[in-house]
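Sequential numbering of the sequence shown, starting at 1, is according to UniProt numbering. Where a beta carbon is used, it is the ideal one built from N, C-alpha and C, also for glycine. Below: one structure, written as structure tokens.
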Amino acid sequence: HLLLLSLVQARSMEDTTRVPKQPTQITVDHGTPYRTKMSSKVGSLLTEEEKRRKKEFMREQEEMKRKKKEQEKKHMQKYKKNLKQVKSRIGASRPSPHFFNKPKSRTTESGSSLVVIPDPSI
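In structure tokens, the structure reads:
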């Protein structure tokens, strides 16, 4: 009885793992069927042509990937450079030290004088 149960379990597990076989059709670059129904001579010629085109296509893809990577690299370099410039600019735009020596007094709406003393430690 136990043997039968394990056998049934095994079969059900087998069913879930089995993939329905679909007819495989090899397609090259622009979805053209790899082998088309023609005379064998023309067929072989076609496959050579297709192979050549596939190679070309793959080469182009590699080229595109490489160019994209290079562009991204350039972009990152540019970004880092800009970031440095911005940081240095922020540093340069800091108020001069003697700005802190004379606190600005502003009068608020109520009339009381509000003294703004910037923190030199910033």
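Separation of K69 and K55 (C-alpha to C-alpha, rounded to the nearest whole angstrom) is 21 Å.
Excluding the 5 residues flanking it on each side, Q85 has no same chain C-beta neighbour closer than 8 Å. A straight-line Cα-Cα distance of about 34 Å links E50 and K73.
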